[in-house]
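Asker:
Residue numbers (UniProt numbering), protein chains in the order written: chain U, 1 to 248; chain P, 1 to 248.
1) Considering Cα atoms alone, identify which of U:81, U:126, U:54, U:240 is closest to residue 160 of chain U.
2) Helix, strand or coil: which one does DSSP assign to residue 164 of chain P?
3) According to DSSP, which residues form a beta bridge with residue 154 of chain U?
4) Are the C-beta atoms of residue 103 of chain P and some chain U residue less than 8 Å apart?
5) Return no unless some Cβ of chain P is closer than 8 Å to the Cβ of residue 176 of chain U.
6) Please classify residue 145 of chain P: is it buried, with 16 or more other beta-carbons within 10 angstroms of its beta-carbon, or exposed?
7) Quick one: grab the DSSP three-state call for residue 78 of chain P.
8) Between residue 75 of chain P and residue 67 of chain P, which are expected to be in contact by the criterion C-beta below 8 Å, what is the C-beta distance as a whole number of angstroms?
9) Do you know how far the Cα of residue 118 of chain P is from the Cα of residue 156 of chain P?
10) Rank P:3, P:132, P:31, P:116 by C-alpha distance to the C-alpha of residue 70 of chain P and give the top, closest one.
11) Using a beta-carbon distance below 8 Å, is residue 209 of chain P in contact with chain U?
12) Within 10 Å of its beta-carbon, does residue 65 of chain P have 16 or more other beta-carbons around it, so buried, or fewer, so exposed?
13) Just the C-alpha distance for residue 234 of chain U and residue 43 of chain P, rounded to the nearest angstrom, thanks.
14) Given that residue 188 of chain P touches chain U, what residues does it touch there, using C-beta distances under 8 Å?
15) For the beta strand (DSSP E) that residue 132 of chain P lies in, which residues bound it at each end?
16) Please confirm whether residue 20 of chain P has its beta-carbon closer than 8 Å to some beta-carbon of chain U.
17) Where residue 207 of chain U and residue 169 of chain U are concerned, what is the direct C-alpha to C-alpha distance, given to the nearest angstrom?
18) Return no unless some Cβ of chain U is closer than 8 Å to the Cβ of residue 97 of chain P.
19) Just curious, the alpha helix (DSSP H) that residue 56 of chain P is in, first and last residue?
20) Hey, out of U:187, U:220, U:162, whose CA is closest to residue 135 of chain U's CA?
21) Pull the bridge partners of residue 184 of chain P from the DSSP assignment, please.
22) For residue 35 of chain U, is the classification buried or exposed, using 16 other Cβ atoms within 10 angstroms of its Cβ as the cut-off for buried?
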């Protein structure tokens with residue numbers, strides 16, 4: 001295993017940070033490395049808002065579900081799928097009345113994937129530089145308010161946040177599904193998940209017990225049932241439609 | 001700049017491959033590195049179909065728009081957003097008639113982002129091992145047929161393909177937008193894109209001219225106008241609805 005793969009295999013989410021600011025040059029290097037990820041048809045349909053202002057981080061910590069580390073991390077990168085910049089850039093070349101398709105499911109996928117690939121490259125860069133990161137899906141909890149606060153325009157939306165900072169204590173690594181559960185050969189085999197998933201239930205039960213001194217031991221399949229049956233962020237469709245996304 | 005960042009900055013899409021097969025152990029290592037990417041609430045909502053069968057690659061090359069390298073690459077990884085595996089795994093813990101929310105826009109985002117983060121980690125791993133990669137968005141051109149061919153179940157969809165193999169000739173690197181165009185500080189500033197985008201139009205014009213011996217010189221903003229006004233993959237919404245996605 002080479003050093004890059006070894007670094008990827010060492011990934012863990014960091015939720016406790018040294019409060020010292022990150023040099024602006026490092027944040028720019030992290031984002032520039034993110035930009036080198038592949039992008040569909042070179043549309044580069046994403047933007048990043050780097051939040052370093054303490055008052056703003058405090059507000060965002062509340063809006064994302066009172067996650068203290070959103071406030072205490074030195075920088076919160078808010079990764080946005082963004083079809084707004086390219087739409088404005090293209091304006092001069094589009095005839096009045098000509099139809100544009102930023103509102104299609106396809107365009108939504110392109111922008112969401114572009115933002116995600118760039119963000120993950122940035123995460124790898126940050127970790128190589130000694131920083132720790134944590135994705136913040138909670139940015140979608142009160143996404144309307146987050147969007148107003150950060151001035152996100154139409155045809156753009158915050159996909160997730162990412163806390164970045166120097167870790168100030170070691171954090172544990174959560175085991176993943178066995179590779180057999182996710183990797184299929186030449187054809188998706190719905191049956192092959194069963195064995196590995198059962199094995200993973202046991203792995204996760206042991207992991208949770210060890211972390212909580214025996215207080216928690218919910219199997220992964222049960223946690224998934226709880227996740228699936230929770231009416232989570234059901235405002236997203238209306239929010240996205242109002243932003244001009246997913247209309248057809 | 002450290003070596004990992006240097007590798008990320010060296011990324012280029014590879015479209016011409018040495019045909020020799022990739023050892024299965026390498027493909028497993030690439031996917032396992034992908035799995036270490038962050039995942040929302042540990043749902044791990046993605047699967048990968050590794051297509052190595054020559055006849056299948058040939059069919060997929062046709063279905064993705066006659067991209068020869070889909071056939072000639074030794075392995076095509078088809079990355080699927082997958083809420084099917086976890087839904088089946090959770091079944092035993094869900095009461096009959098209890099409502100589940102795999103069909104929400106939120107769940108669709110979770111699965112699409114999960115697949116993308118894993119894929120980008122895998123891309124970084126593959127490149128560190130000397131392989132080249134190329135994302136294939138064309139997998140969505142005739143996605144219904146691709147899904148049948150690979151046996152993708154409901155509540156799952158192929159987000160993109162990824163050709164993997166040893167590069168057999170050097171390939172050029174496409175310049176990206178200046179970091180100033182994508183990185184905002186504390187608040188999205190719609191005005192700050194203008195200058196950098198104009199600069200990028202010039203960069204891309206020079207890049208295209210150099211690559212095509214002067215035959216092509218379309219500015220990026222015009223290419224974006226063409227992209228926006230092309231009715232691209234408008235079947236996606238209906239396809240996704242039929243798969244059980246994006247119903248609310």
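Just so you know, even glycine gets a beta-carbon here, dropped at the ideal spot from N, CA and C.
Answerer: Taking the definition as stated:
1) The count along the first chain starts at 1 and reaches residue 160 of chain U at position 160. The residue with the shortest Cα to Cα distance from residue 160 of chain U is U:81.
2) Sequence index remark: in the second chain, residue 164 of chain P carries index 164 (1-based). Secondary structure at residue 164 of chain P: strand, using DSSP grouped into helix, strand and coil.
3) Along the first chain, one-based indexing puts residue 154 of chain U at 154. Beta-bridge pairing links residue 154 of chain U to no other residue.
4) Numbered from 1 along the second chain, position 103 holds the residue referred to as residue 103 of chain P. For residue 103 of chain P, no Cβ of chain U is located within less than 8 Å of the residue's own Cβ.
5) Residue 176 of chain U sits at position 176 when you count from the first residue of the first chain. At least one chain P Cβ lies under 8 Å of residue 176 of chain U.
6) The residue you call residue 145 of chain P lines up with position 145 of the second chain. By the neighbour-count rule (16 or more Cβ atoms within 10 Å), residue 145 of chain P is not buried but exposed.
7) The count along the second chain starts at 1 and reaches residue 78 of chain P at position 78. The answer is strand: DSSP assigns residue 78 of chain P an E or B state.
8) On the second chain, position 75 is the one that residue 75 of chain P refers to. On the second chain, position 67 is the one that residue 67 of chain P refers to. The Cβ separation is near 15 Å, so there is no contact.
9) Along the second chain, one-based indexing puts residue 156 of chain P at 156. Along the second chain, one-based indexing puts residue 118 of chain P at 118. When rounded, the separation of the alpha-carbon atoms in residue 156 of chain P and residue 118 of chain P is 15 Å.
10) As a first step, residue 70 of chain P must be located in the second chain, where it is residue number 70. Nearest to residue 70 of chain P by C-alpha distance, out of P:3, P:132, P:31, P:116, is P:132.
11) For the purposes of this step, residue 209 of chain P is taken as the residue at position 209 of the second chain. Interface with chain U (8 Å Cβ-Cβ cutoff): residue 209 of chain P is excluded.
12) Numbered from 1 along the second chain, position 65 holds the residue referred to as residue 65 of chain P. Of the other Cβ atoms in all chains shown, fewer than 16 fall within 10 Å of the Cβ of residue 65 of chain P; this residue is therefore exposed.
13) On the first chain, position 234 is the one that residue 234 of chain U refers to. On the second chain, position 43 is the one that residue 43 of chain P refers to. C-alpha separation (whole angstroms): 18 Å.
14) As a first step, residue 188 of chain P must be located in the second chain, where it is residue number 188. Within chain U, the residues near residue 188 of chain P are 47, 49, 80, 150, 151, 152, 153, 156.
15) The residue you call residue 132 of chain P lines up with position 132 of the second chain. In this chain, the beta strand (DSSP E) harbouring residue 132 of chain P covers 132-136.
16) Stepping through the second chain from its first residue, residue 20 of chain P is reached at position 20. Not an interface residue.
17) Taking the first residue of the first chain as 1, we reach residue 207 of chain U at position 207. Taking the first residue of the first chain as 1, we reach residue 169 of chain U at position 169. Approximately 19 Å, taken between the alpha carbons.
18) Translated into the one-based positions of the second chain, residue 97 of chain P becomes position 97. Not one chain U Cβ lies under 8 Å of residue 97 of chain P.
19) Position 56 of the second chain, counted from the first residue, corresponds to residue 56 of chain P. Boundaries of the alpha helix (DSSP H) harbouring residue 56 of chain P: 54-63, taken from the DSSP string.
20) Taking the first residue of the first chain as position 1, residue 135 of chain U is located at position 135. Measuring from the Cα of residue 135 of chain U, the nearest candidate turns out to be U:162.
21) If you number the second chain from 1, residue 184 of chain P lands on position 184. Answer is U:49, bridged to residue 184 of chain P.
22) Residue numbering aside, residue 35 of chain U sits at position 35 when the first chain is read from its first letter. By the Cβ-count criterion, residue 35 of chain U is buried, with 16 or more other Cβ atoms from all chains shown falling within 10 Å of its own Cβ.
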